[in-house]
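In terms of my numbering, the first sequence opens at residue -9 and continues consecutively. Even for Gly, the Cβ is constructed at its ideal location relative to N, Cα and C. Treat the numbers as computed from the prediction; the structure is a model and nothing was measured.
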Amino acid sequence: MDTKKFVLSKSKDIASWYNDIVLKAELADYAPVKGCMVIRPYGYAIWEAIQIYLDQLIKNKGVKNAYFPMFIPEDFLNKEKEHVKGFSPELAVVTHGGGQKLKEKLILRPTSETVMYYMYQKWTNSWRQLPILINQWCNVVRWEKRTYMFLRTTEFLWQEGHCAHLTHPESMDQVLWALDAYQKTYNNLLALYGIAGVKSESEKFAGAGKSYTFEILMPNGKALQACTSHDLGQNFAKAFDWTVADKDGKNTYPWQNSWGLSTRSIGGLIMVQSDDDGLILPPNVAPIQVIIVPIPGQKLDSYLKNITDKLVGLRYLIDQDENETAGFKFNKWEIKGVPIRLEIGQKEANQNQVTLYRRDTKQKQTVSLDNLSSEIEKILKDIQTNLFEKHKKFTQDNTHTVDSYDQFKKIMSTTKGFISAFWCQDPTCEAQIKADTKATTRCLPIDAKKENGVCVHCGKTASHRWLFGQSY
RNA sequence: CGGGGAUUGGCGCAAUUGGUAGCGCGUCCCGCUCGGGGCGGGAAGGCUACGAGUUCGAAUCUCGUAUCCCCGACCA
């Protein structure tokens, strides 16, 4: 047994391991500009799979895609006080254009609320023109101090949905719909379990009334905010003085919401689903679901045809590169996380079968050609379920219900993970907990029950258990 | 923005008290191989990130600049 490793160890140094996977699986590479990355074709294919799935959900909801410019006039951002305060430290600003200094500086969008609502205002004057349901797939720029491929890059790709409704309940319906769509994307496509909830006042989006989130737990016990869905209330409408006539002819401010899911999702996917042999892709997002490796030097063309006939509807690839040995290919595709590999040689052809290797359990089995289709379909489903259940179990095993602050501190200084604890909802208490333990409130889970409790930190009365964790 | 590390053929690294740059992988050619990163032979490829300085002599020492990575505070 060859024990040579081609990828660094996950348990030994998760940061280096993560970068190693990203580079060796050819998902992305460092760009010449600090904090930026090149998403390579294999990584981009994962993003496309996410786009296709989520875009369908978005369209089913009646939201339409559009595109707004990446340049935003500087004064747009200044209109909403909390918004500008939240984003100003991380803005990239264009000061020159066409060889001349610009009269008004342009911001590279960190998010598009302001430019989109400016246009919405122009397009509407009556309740009859509501709701506005628009989404865009685009890039945004946030000048983060510390970057990390996929998880936190200076420029990243996402979709941002921005809707405006006549009433708050309608807007809230959209907010919760988006949260649910994201949860579906994570659960069904990326095989990632997580907790949906609402952010605390200090953790919410700059300018939002309420921010909803989906938090997923990483292998090192840190929490990743996997998406956002914001109830913006009427804050931006008021900032832009945007009113429409309601049914009684009176002017009213529309209710807005915004929601986004970014390429960070791929970072979460890599972190959770991979091991010391490389990436492990859930079949539903895998650009290649089945890799076929014919043993080099053997005449297998007609037998290969028999096999591919059984794979209709699947994303498969035959690796017929003559310059690589079979063993090399096995390792290569394992690093790239392809869920199923079929090894095919004369041995298999004679028996009318294939050797099937599944990436998640690393087990090999022999499958007869007669039931190859059904067997692969079954195994792909099984891998998808297996990965999700594994992450669900990991998250649950590492979610601690805690009532003493000593225990809280002990967990955060050792294994980390999610902590479910009562909190009085006083921001100073929250800040103190963060200073002591690095843990912040991740969210108040959607399904949290009202209970009689006392704050884990200050002992004052508290009504709900919040989810705490260290942010990635 | 603070702390640490790094920068040497395409990639990953080495070079002892300062002495004139070497190895692995990859690439190209030839032959044998091919069921878990095969083997032999041959070849190409570097004013050692940039700029000063010290020295008979600098990849190595000093100062400066730039970029990247990691760890913290901020964030999708």
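Endpoints, the alpha helix (DSSP H) within which residue i is located
| i | result |
| --- | --- |
| Leu44 | Pro31 to Asn50 |
| Cys419 | Pro417 to Thr427 |
| Gly454 | Here residue 454 turns out to be His, not Gly, going by the sequence shown. No alpha helix (DSSP H) holds His454; DSSP gives it neither H nor E. |
| Ala18 | Looking at the DSSP string, Ala18 is not in any alpha helix (DSSP H); the run it does join, the beta strand (DSSP E), is Ala18 to Tyr20. |
| Ser403 | Tyr395 to Ser403 |
Assigned secondary structure, residue i (DSSP; H/G/I helix, E/B strand, else coil)
| i | result |
| --- | --- |
| Arg348 | strand |
| Ile436 | coil |
| Arg118 | helix |
| Ser541 | Outside the shown range of the chain, which is -9 to 462, sits residue 541, and nothing can be said about it. |
| Leu304 | coil |
| Pro63 | strand |
| Lys93 | strand |
| Phe384 | helix |
| Trp113 | helix |
| Ser410 | strand |
| Asp309 | coil |
| Tyr462 | coil |
| Ile4 | helix |
| Thr104 | helix |
| Gly87 | strand |
| Thr315 | coil |
| Val444 | strand |
| Asn129 | strand |
| Leu362 | helix |
| Ala82 | strand |
| Val12 | helix |
| Asn55 | strand |
| Thr(-7) | Confidence at Thr(-7) is low in this model, with a pLDDT of 39, below 50, so its placement is unreliable and the value that follows should be read with caution. Coil at Thr(-7), not helix or strand. |
| Leu377 | helix |
| Leu370 | helix |
| Arg99 | coil |
Sub-8 Å separation of residue i and residue j beta-carbons
| i | j | result |
| --- | --- | --- |
| Thr427 | Phe398 | yes |
| Lys0 | Pro209 | yes |
| Phe61 | Val84 | yes |
| Cys44 | Thr157 | The sequence given here has Leu at residue 44, not Cys. Cβ distance not < 8 Å, so Leu44 and Thr157 don't count as in contact. |
| Ile297 | Leu346 | no |
| Val165 | Tyr202 | yes |
| Leu307 | Ala339 | no |
| Ala213 | Gln263 | no |
| Ile206 | Gly258 | yes |
| Glu64 | Gly197 | no |
| Leu179 | Ile270 | no |
| Val446 | Tyr395 | yes |
| Ala276 | Val234 | no |
| Gln279 | Arg305 | yes |
| Ile373 | Pro272 | yes |
| Leu169 | Ser219 | yes |
| Pro244 | Ala229 | no |
| Ser248 | Ile40 | no |
| Lys194 | Trp117 | no |
| Ile366 | Ile334 | no |
Integer Cβ distance of residue i from residue j, believed to fall under 8 Å
| i | j | result |
| --- | --- | --- |
| Ala429 | Ile409 | 7 Å |
| Trp133 | Thr143 | Wrong, their Cβ atoms sit about 11 Å apart, outside the cutoff. |
| Pro160 | Asn125 | It should be noted that the sequence gives Glu, not Pro, for residue 160. Glu160 to Asn125, Cβ: 17 Å. No contact. |
| Ala15 | Tyr32 | 7 Å |
| Lys440 | Ser453 | 5 Å |
| Phe58 | Val105 | 5 Å |
| Met162 | Asn9 | About 40 Å; that fails the 8 Å criterion. |
N-terminal and C-terminal residue of the beta strand (DSSP E) that residue i is part of
| i | result |
| --- | --- |
| Leu332 | Ile330 to Ile334 |
| Glu72 | From DSSP, Glu72 is part of no beta strand (DSSP E) but of the alpha helix (DSSP H) over Lys71 to Phe77. |
| Val357 | Gln353 to Ser358 |
| Thr137 | It is not in any beta strand (DSSP E) - Thr137 carries neither H nor E in the DSSP assignment. |
Heavy atom of the ligand NAD within 7 Å of residue i beta-carbon
| i | result |
| --- | --- |
| Glu324 | Absence of the ligand NAD is noted for the structure shown, with no ligands found whatsoever. |
If we require 4 or more residues per run, which alpha helix (DSSP H) segments fall completely within the segment 248 to 299?
254 to 263 and 291 to 298
Going residue by residue through the segment 198 to 248, where are the continuous alpha helix (DSSP H) segments of at least 4 residues, counting only ones entirely within it?
225 to 229
Please give the ranges of any beta strand (DSSP E) in the segment 143 to 183, keeping only runs that are unbroken, at least 3 residues long and fully inside the region.
145 to 155
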